[in-house]
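Heads up: the structure comes next, in structure tokens.
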Amino acid sequence: MDDVLGLGPLLASTIRFATPLGFAALGGLFSERSGVVNIALEGMMLISAFAGVVGSYASGSALVGLATGLAAGLLIGLVHAAVSVSLQADQIISGTAINLLALGGTGFLMETVFGSGGTSPRVSAFDPVRIPGLADIPIIGEALFNQSVLVYLLYLLVPLTVFVLRRTRFGLRLRATGEVPEAVDTAGISVVRMRYAGVALSGMLAALGGVYLSMGVALSGMLAALGGVYLSMSLLSAFTENMTLGRGFIALAALIFGRWTPVGAIGAALLFGLAQALVVTRGSDVPIPQEFVAMFPYVLTIIALATFGGRAVAPAASGKPYRKE
Amino acid sequence: MEDRAPHRQGTAADTPVLEMRGVTKRFGAVVANDDISLSLGRGEVLGLLGENGAGKSTLMKILFGLYTADSGEVLVDGAPVRIASPRDAVDLRIGMVHQHFVLVGPLSVAENVVLGAEPGAAGLFDRGAAEQRVADLAARYGLAVDPSARVGDLSVGVQQRVEILKALYREARILILDEPTAVLTPQESHELFRVLRGLVDQGLSIILITHKLGELKQAADRITVIRDGRVIATVPGAGTSEGELARLMVGREVKLAGRRAAAALGVTTDAAEEPAGGADAAGPGGATAAGAATAGGGATAAGAGAAARAGPARRGPRGRGRRRCGGRWRPGGAAAGGVREDGGERPVRLSARGLVVAGVGGATAVHGVDLVELAAALAGTRPARAGVVELDGQDVSRLGAAQRGERGLAYIPEDRSTKGLVRDFTVAENMTVKTFDEPPFSRLGWLRPGAIRRFAARLVQAFDVRPADPDARAGSLSGGNQQKAVVARELTGEPGVVIAAQPTRGVDVGAIEFLHARLLAERDRGAAILLLSLELDEIRALADRILVIAGGRFVGELDADRATDEQLGLLMAGREMAPVGGALDPGDAAAGGRGTAADGHPPGSAPL
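As you go down the protein sequences, you meet chains A and B in turn.
Counting from -5, one number per residue, gives the positions in the first sequence under the numbering used here.
Counting from 1160, one number per residue, gives the positions in the second sequence under the numbering used here.
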């Protein structure tokens, strides 16, 4: 069977664009299900993307880079938790502060670590791993199963998240905490601890999204789509200032659009990923200025939220600091 | 109640299960609990009676570890204990059913019950085992509930059972219930007391907190009365009259009368239209139930109706054409959000002057959500999804709240602190929040603070808002005074229609008396009043006609003079009155609720 329409490459591209969104959306899910709005996904991704590249650059190992990226995500998550759970500050303000810190901080550290702004040197990254057998499926095989290991990790995380929410104590308590923290408190469970756990997990999942951005393999295509410039292969697997380009917010939109469920959020991430993939692979065929074409994924996000976002039911206690009587 | 358990176990001779000695708790300058001592015997139901704000809830929160007492001690089985958190209380096998349930709506019954002590190995949650245990527990204590049901879908009465199950799952032997009947139908209350009796028979001890006299007499072995944070007396449940309890609770003689004082001032009555009162008392079943249900009456309401109900009724001007300030609402699927579509075009007319029409909410998933939605749809603060709202015969469906207000619709929202007032504004600013842009409060776009203050000072005086300071921050007022301020603003300008949603929720008895009197005065002036309340006592005290909403629809209308608590309870539980009359415009229909059908329900002339 021949892939006359080019569906294989389109799907492959969709997966690559959707992966960072998917990680971040799952991250947002754990945070919001615990009752903490995480608008800081963007900043968490950006800082982790940078920390991953630094770790990989220093050690020459992508795995070390993954570890430093995760550590950075965890750290930022704990900061967000400390400010919004322990200090009971406004969660939006805390998130916004983290986003600003991430943007300015990574820009500054680029100068101090690598001696110049813009783009970091290339580092070792997670190359695509072809899974024999599965990758031989016509059309979709190559797209789904010749990807970075991080993509495979996301494949596993989706059912795992469903399982955790439905079938574990932690999941049950987390869901309750995001809805009626008083019930959790009176059941003798620490609301603060549950929320720290949720936000910390959120930070690490967002970190995976960030690390995939800077150390996955799809960079050139993405930057091309978003900047309108085709970058040379030598720029693969590097950190670029503000390389998240609002993906954290799109992930948040995916979470809302997916009604705070793992499967829904991934579905929404795939939809937004498809929009970006379409821009990259087919955008130049459309007889309108490329700047407008590049807006498509963002416009789609707005339309999706405007159409369905209002009806989505957020965890009832999300965004509200918990104060004991 | 007729099935009152004959075997009172009373206080056992041995050590009390629970004892509180000299418990004192202050909040700033306010002493909420002042040297309170009480004891609870094994297998005993102890009633804790007091007004709102008397300190009952504070005391129980201390017992449950939500507050820490400043001084005094708590003894369980004769041994002093320290209860610093709900966890400590649970470990001592003390369970609490809060007035506002602490349930997670999207989770199942079983999930709610086992939360915090989930069955399952190695961090897993064994849903099947949880449901099985909850089912076993429910069967053992006679609490009918489906463990796999989603809690948010359950009626209030069933949700309460879930709360009780939560305590039982943690092996509570002391159960505290805070105002358990506040939102229950009479039947649900009855069922609750049956369940409690069963629990006591199995060895539990129960503290029942309430401000309703009748139900305490019915359920409690002993009653401890609290006033202003102090224990006033402890009396036996049987053999103490309601009047005596009311006097102990309030500290003065209480007028057990509501609307009847105003009866004579009612709107012109076409006497010929009215058959004599008492002639058609509800059927035998209804009559007995009425006797029992009166026991549920609160301080201001108990028995109020009974005497006056036989008197000449103050029917509205039926057959006399539509009055100037009638309101009319056709609920063709009225109200926004959670209220379901209504089937047909069944206009409800709040027609006529001088009537209090009251709505009671029944079996709804969330407390009073139907009533709240209805009030908001009528007032125009939320769009109705379908249907027509008419005011004075004019369609106002498309008008906003402000425009409806200008046409004579007053709206007292159910939540004074978020919907009725701007908490951070002064009382004066709140008084003019709807009229500040009109003369004399502003001129050429500039506010005139002097005029605003003078106006507010007058209202504050007239409505006895304390402190009588127009410059006080609205949020700093007590609940009752906040509500008086809202009512003062809304009743200014002689509105034709007043929509009052739970106007006395959470306010003290004095304020309730005052607010009730004001509403009745408005009625006597000629306003049509729609009182939306979950408190049956309040409805009985004020209403002339009673409409019942359950599951988002009107299920019946009753004449307040003849309605029995049993009838109301059945309607509130969602049992629709049948058949519903064919007349679409009740203005022309015969008076609703006249006569008695064989089943004890009024015939289907109810103009819904």
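Note that CB positions come from ideal geometry on N, CA and C, so glycine has one too.
| Item | Value |
| --- | --- |
| Rounded to whole angstroms, what is the Cα-Cα separation between G1398 of chain B and L1302 of chain B? | 30 Å |
| Taking only beta-carbon positions, decide if M227 of chain A is within less than 8 Å of chain B. | Summary for M227 of chain A: the model assigns pLDDT 35, below 50, so the residue's position carries little reliability; its value from the coordinates is reported in the next sentence. Answer no: the Cβ-Cβ gap between M227 of chain A and chain B never drops below 8 Å. |
| Mind the definition here: the segment 1382 to 1392 of chain B touches the segment 1209 to 1224 of chain B only if three or more C-beta pairs lie below 8 Å; say whether that holds. | yes |
| Closer than 6 Å by C-beta to G2 of chain A: which residues in its own chain qualify, once you throw out the five before and the five after it? Chain order, please. | I133, E136, A137 |
| Looking at chain A, is there any beta carbon in it that lies within less than 8 Å of the beta carbon of L1262 of chain B? | yes |
| For A1449 of chain B, name the three-state secondary structure that DSSP assigns. | Only weak support exists for where A1449 of chain B lies, its pLDDT of 23 falling under 50; the value from the coordinates is given anyway. In this structure, A1449 of chain B counts as helix in the three-state DSSP scheme. |
| Shorter than 8 Å from the beta carbon of E1290 of chain B to some beta carbon of chain A? | no |
| Got a sec? Which residues, its chain only, sit under 6 Å from K1376 of chain B by beta carbon, not counting five neighbours each side? | G1396 |
| Distance cutoff 8 Å, beta carbons only. Does G162 of chain A sit that close to anything in chain B? | The sequence shown places Thr at residue 162 of chain A, rather than the Gly named in the question. Closer than 8 Å: yes. |
| Helix, strand or coil for L178 of chain A per DSSP? | Leu is not the amino acid found at residue 178 of chain A; the sequence shown has Val there. Here V178 of chain A sits in helix by DSSP. |
| Strictly below 7 Å CB to CB, what residues from chain B border I183 of chain A? | G1275 |
| Which residues of chain B have a Cβ atom closer than 8 Å to the Cβ of V174 of chain A, listed in chain order? | V1261, L1262, V1263, G1264 |
| Whose Cβ in chain A lies nearer than 9 Å to the Cβ of P1245 of chain B? | D179, T180, A181, G182 |
| For the alpha helix (DSSP H) containing R314 of chain A, list its first residue and its last residue. | Residue identity check: residue 314 of chain A is Lys in the sequence provided, not Arg. Careful: K314 of chain A lies outside any alpha helix (DSSP H) and carries neither H nor E. |
| Can you pull the chain A residues whose beta carbon is under 7 Å from the beta carbon of G1279 of chain B, in chain order? | R163 |
| Apply the 10 Å Cβ neighbour rule to T301 of chain A and answer buried if 16 or more other Cβ atoms are within range, or exposed otherwise. | exposed |
| Chain B partners of L166 of chain A, CB-CB under 7 Å? | E1270, L1274, E1277, F1284 |
| Taking V77 of chain A as the reference, give the member of A:G49, A:S88, A:L20, A:V174 with the closest Cα. | A:S88 |
| So, are the CB atoms of L1533 of chain B and V1548 of chain B less than 8 Å apart? | no |
| Return the chain-ordered ranges of every beta strand (DSSP E) run that is complete within the segment 1543 to 1630 of chain B and spans a minimum of 3 residues. | 1547 to 1550, 1568 to 1571 |
| What span of residues does the beta strand (DSSP E) with I1688 of chain B cover, start to end? | 1687 to 1692 |
| For R1252 of chain B, which residues in the same chain have their Cβ closer than 8 Å to its Cβ, ignoring the five residues on either side in sequence? | R1329, E1330, A1331, R1332, I1333 |
| Within the same chain, show all residues whose beta-carbon is closer than 7 Å to that of P309 of chain A, passing over the 5 residues directly before and after it, in chain order. | E26, R27, G29, G172, E173, W254 |
| So what's A1288 of chain B in DSSP terms, helix, strand or just coil? | helix |
| Counting only beta-carbon separations shorter than 8 Å, does Y224 of chain A have a partner in chain B? | Low per-residue confidence applies at Y224 of chain A: pLDDT is 38, beneath 50, and the placement is therefore not dependable, though the value from the model is reported in the following sentence. False, the Cβ-Cβ gap to chain B never drops below 8 Å. |
| List the residues of chain A whose Cβ lies closer than 7 Å to the Cβ of V1249 of chain B, in chain order. | G182 |
| Note down, in chain order, every chain B residue with its Cβ under 7 Å from the Cβ of A170 of chain A. | V1263, L1266, L1274 |
| Identify every residue that forms a DSSP beta bridge with Q85 of chain A. | Q85 of chain A is not bridged to any residue. |
| When you compare the CB positions of E1716 of chain B and I1705 of chain B, do they come within less than 8 Å of one another, or not? | yes |
| Which same chain residues end up closer than 8 Å to F1584 of chain B when comparing Cβ atoms and leaving out the 5 residues on each side of it in sequence? | V1592, R1632, A1633 |
| Secondary structure at P1239 of chain B, three-state DSSP: helix, strand or coil? | strand |
| Give the secondary structure of D(-3) of chain A by DSSP, where H, G and I count as helix, E and B as strand, and everything else as coil. | coil |
| Rounding to the nearest angstrom, what Cα-Cα distance links T1843 of chain B and R1684 of chain B in this structure? | This structure does not reach residue 1843 of chain B, given that chain B is present from 1160 up to 1767, and the question cannot be answered. |
| Taking the alpha carbon of L1372 of chain B as the reference point, which residue from B:K1220, B:A1587, B:L1404, B:I1242 has its own alpha carbon closest? | B:L1404 |
| Which value, in whole angstroms, describes the spacing of the CA atoms of F251 of chain A and A34 of chain A? | 18 Å |
| Report the residue from B:M1408, B:A1379, B:V1646 whose alpha carbon sits nearest the alpha carbon of A1660 of chain B. | B:V1646 |
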